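Quick notes on the structure that follows.
Number of protein chains: 2
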Amino acid sequence: MTIGIGLLGLGTVGAGVAEILATPEGRHPLVAELELRRVAVRDLQRTRPIQLPSELLSTEPEAVVDDPAVDIVVEVMGGLEPARSLILRAIAAGKPVVTANKAVIARHGEEIAAAAAAAGVYVLLEAAVGGGIPIIEPLKQSLGANRIQRVSGIINGTTNYILSRMAAEGADYAAVLADAQRLGYAEADPAADVQGADAADKIAILTGLAYGGSVPREAIPTEGIDQLDARDVTYADQLGFVVKLLAVSQRIETATDGDPQLLDVRVHPTLLPRSHPLAGVNGVFNAILVEGEPVGQVMFYGPGAGSGPTASAVVADILNIAGGPPGIDPLLAAGSWRQCRLIDGARTTHRNYVRLRTTDQPGVIGRIGTCFGDAGVSIQSIVQFEADSEAAEIVVITHEVLEADFRSALDAIAALPEVQRVAACLRTL
Amino acid sequence: MTIGIGLLGLGTVGAGVAEILATPEGRHPLVAELELRRVAVRDLQRTRPIQLPSELLSTEPEAVVDDPAVDIVVEVMGGLEPARSLILRAIAAGKPVVTANKAVIARHGEEIAAAAAAAGVYVLLEAAVGGGIPIIEPLKQSLGANRIQRVSGIINGTTNYILSRMAAEGADYAAVLADAQRLGYAEADPAADVQGADAADKIAILTGLAYGGSVPREAIPTEGIDQLDARDVTYADQLGFVVKLLAVSQRIETATDGDPQLLDVRVHPTLLPRSHPLAGVNGVFNAILVEGEPVGQVMFYGPGAGSGPTASAVVADILNIAGGPPGIDPLLAAGSWRQCRLIDGARTTHRNYVRLRTTDQPGVIGRIGTCFGDAGVSIQSIVQFEADSEAAEIVVITHEVLEADFRSALDAIAALPEVQRVAACLRTL
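Line order of the protein sequences matches chains A and B. Each residue of the first sequence is one higher than the one before, counting from 1 in the numbering used here. Each residue of the second sequence is one higher than the one before, counting from 1001 in the numbering used here.
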């Protein structure tokens, strides 16, 4: 029994999928039963890394979705539209969908899931987060016995490449970004990566799976690495930390049951102690740490992007659909079962790293410490890093404190006559 | 619809499973539909970490399997018999089985899989390897698009705890083992762990899943850490390596197709370069590195044992069975699809670490180097470590060489008059 695959998009990921389907030897025997029947491309004339019979190609993605020979629709075109409409069109036709599109799932996941549930088809998305790393299926099928407490990850390869090089070379963000663009590790328009939107898309998806309920994508507080100063990477190193763009989704314990589950979901550059399991993840690699009761900590590590790894995840989803018995497995389908809500940022608690630019006068550290103390913010360390005739740089690391208290302390500190400015402020694990 | 669970064994893992089933709040909603209906124990009087109604307990495991109220049989008693017979009895009764028993699966996996396939029921075993780490399901369901090239892992927590402390403290094996026994990290009879049998059971299981065909468990070359000398850990460290008990299962490319797939499967203490992804895995943690085309390297890391983590894996399997639609998913059932065969050890290639005890005379290093060269064994480094009036210690690290060549070089070296003995010989990545 051969299963017909329709591919929407023949870019990096699409070509990787076609390549796997064309070379089934040595893979799971089910791969040999998959047949690429129709491929939607934007431009028929373009040269591609993989040669396909021209009669397979079409510039009409709707025709690929509608083709009766296509049993499973694979959406690897990216972007919101027409991806969303095509996915919904496939579902409406009773065809299961495999997608690598984090943006469309992060923003229209509920609509798509509802349509899929109504039609009784799967929409699978292993490739949308972590490239080749199995993380979606493990969350759905291997960790369901747990009360998940936190999911945290390095889930954007571009920014991790940039941060790894900034740390290794003491280099500036702009210089490394330019080099990353030259080497193909960063897009010509790097905004979605460096400003954190890509990571926010992915943590939105992981949140829905980990807690059985979603939070609005637009409401996730997101800070990228584009404002990061190389000296904070250097100071962090001297204090025993590495700086990573971390996406975090944390369950907040509440006194009352039955209310929506409160979650603290966010993306920002974060100081990790060098001993943290995610601290050693460098270059374009991704890793996701899942913490739950009773499993403890489990981590998934691997290539977060690239043609082959992402195609590996896409084809895994195809196999799960193609191989499964008729009917829908609720774990694989992964519906939502809980109302979730983002906690008010002011009520979250975190450790913080603050760099202050001050005049180099005796007593400054004491006054800064007093401001923190008055606000109830306890401090782990205050270190003066450099001083010239103009200014000193003072770095403070706090214990875990309430964000509202921390902010009021910072306001008081900014108002001190000796403090020229709050030069940097980063979350710390 | 409630699903009846019958538990064979109420030790560490069994109690962990009962605990999860008794506290479904906050877990996947399917957990609330599982009901513990019957539990087989050896001794009704024993005090246990979890209190269960006494009418649930029975000293007759057959009665638990046969109980019509039991829909899924969970075997967490361990050992070969009666576990094997009870698993087969459940299968014969048409009941799916979840087991954490690596020994019985490594030795009787084919018999059990054949019976399960004939009866059309699942036998799932996520907990048999890596404790709470999702590794069995990802291999079955998330990596099927790949040609797996190598699976290597730190899959025995006891030995990794011992090795981590030997490395950190420069301590002797015997001293750390005694301490590990006192702390509960090693059994009173540690043989299965420290001699490598437990890791060999697990790599046998991973091999079957990664390559779709099994190799005879007894034929897997297995070397433990019980003969490991602390000074080799120290020398390795000085050369930039850490010593880990590694279980490896590697595909050998052969010229001819259609023949059984040749595999190199083994368990032994291994020098890993400090930059290797598995080198930083310390204490009782486990990690499994899977390498395949096109995914590249993916790693799974977490707690390799313990009540909670192992129970997390057991209940995940129960959920997959309880939630799935009628019929058998071939990926989840994971039949074999390929003949596999172990390669003759003499035909394998490896890097090696050799420690030689020699007289401290000029020219020794030259003669040793000549012996390696004559046998076609190329060397990366020769370092003399210490010398007293009696002897010198010379450590050689080879490049990747044919085992047969390496052995013939060692024979020639052992025959040199200056060489007192080949004091240690370890594989190196």
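Glycine included, every Cβ here is placed at the ideal spot set by N, Cα and C. In this text, all values refer to a predicted model and were calculated from it rather than measured experimentally.
By the CB criterion at 7 Å, alanine 1334 (chain B) and lysine 1140 (chain B) fall inside the cutoff. Taken residue by residue, none of the segment 1353-1378 of chain B has a beta-carbon sitting less than 8 Å from a beta-carbon on chain A.
With 16 or more other Cβ atoms inside 10 Å of its own Cβ, serine 1307 (chain B) counts as buried. Cβ-Cβ separation between glycine 1292 (chain B) and glutamine 1261 (chain B): approximately 14 Å, too far for a contact (criterion under 8 Å).
For aspartate 264 (chain A), the enclosing beta strand (DSSP E) starts and ends at 261-273. Leucine 1410 (chain B) sits in a helix when the DSSP states are folded into three classes. With fewer than 16 other Cβ atoms from the protein chains shown falling within 10 Å of its own Cβ, valine 383 (chain A) counts as exposed.
If you draw a straight line from the Cα of alanine 1103 (chain B) to the Cα of valine 1097 (chain B), it comes to about 15 Å. Beta-bridge partners assigned by DSSP to methionine 299 (chain A): A:Leu289, B:Tyr1301. Here glycine 366 (chain A) is exposed, its C-beta having fewer than 16 other C-beta atoms within 10 Å. Neighbours of arginine 1147 (chain B) across chain A, judged by C-beta separation under 7 Å: Gly26, Arg27.
Nearest CB-CB separation between alanine 22 (chain A) and chain B: not below the 7 Å threshold.
The segment 1010-1085 of chain B contains, as complete beta strand (DSSP E) runs of 3+ residues, the segments 1034-1040, 1072-1075 (chain order). Counting along the chain, no beta strand (DSSP E) covers valine 1104 (chain B); the unbroken alpha helix (DSSP H) around it starts and ends at 1102-1119. Excluding five sequence positions before and after arginine 266 (chain A), the CB atoms of its chain that fall closer than 6 Å to its own CB belong to Pro221, Val248, given in chain order. For threonine 207 (chain A), the enclosing alpha helix (DSSP H) stretches over residues 197-211.
Contacts with chain B (Cβ-Cβ distance below 8 Å) from the segment 47-74 of chain A involve no residue at all.
Neighbours of glycine 1323 (chain B) in chain A, taken as residues whose beta carbon is under 7 Å from its own, are Asp329, Pro330, Leu331 in chain order.
For methionine 1166 (chain B), no CB of chain A lies under 7 Å from its own CB, so it is not counted at the interface with that chain.
Annotation for valine 354 (chain A): no alpha helix (DSSP H) segment contains it, though the beta strand (DSSP E) segment containing it runs 349-358.
At the C-beta level, valine 1064 (chain B) and glycine 1006 (chain B) come within 7 Å of one another. Between the alpha carbons of isoleucine 154 (chain A) and alanine 1167 (chain B) lies a gap of roughly 29 Å. Residues of chain A whose Cβ lies closer than 7 Å to the Cβ of asparagine 1320 (chain B) are, in chain order, Gln141, Leu331. Taking a beta-carbon distance threshold of 7 Å, serine 275 (chain A) does not count as an interface residue toward chain B. Taking 7 Å as the cut-off, the beta carbon of isoleucine 1020 (chain B) is found no closer than this to the beta carbon of alanine 1128 (chain B).
Residue contact check for serine 312 (chain A) against chain B: a CB pair falls below 7 Å. Under the 8 Å Cβ criterion, the segment 1309-1326 of chain B does not count as touching the segment 1334-1348 of chain B, having fewer than three qualifying pairs.
Sorting A:Cys425, A:Asn320, A:Thr358, A:Pro68 by C-alpha distance to the C-alpha of tyrosine 122 (chain A) places A:Asn320 at the top.
Under the three-state reduction of DSSP, lysine 1095 (chain B) is assigned to coil, being neither helix nor strand. Within chain A, Pro294, Val295, Gly296, Val298 have C-beta atoms less than 9 Å from the C-beta of proline 1309 (chain B), given in sequence order. Below 8 Å, enough C-beta pairs join the segment 106-113 of chain A and the segment 75-86 of chain A to call them touching: three or more. Residues of chain A whose Cβ lies closer than 7 Å to the Cβ of glycine 1016 (chain B) are, in chain order, Pro294. Nearest in C-alpha terms to arginine 1046 (chain B), of all of B:Leu1010, B:Glu1075, B:Glu1025, B:Arg1027, is B:Leu1010. For glycine 324 (chain A), the secondary structure class from DSSP, reduced to helix, strand or coil, is coil. Alanine 1423 (chain B) carries a strand assignment under DSSP once its states are collapsed to helix, strand and coil.
One finds nothing in chain B with a Cβ atom closer than 7 Å to the Cβ of isoleucine 105 (chain A); even the nearest lies about 18 Å away.
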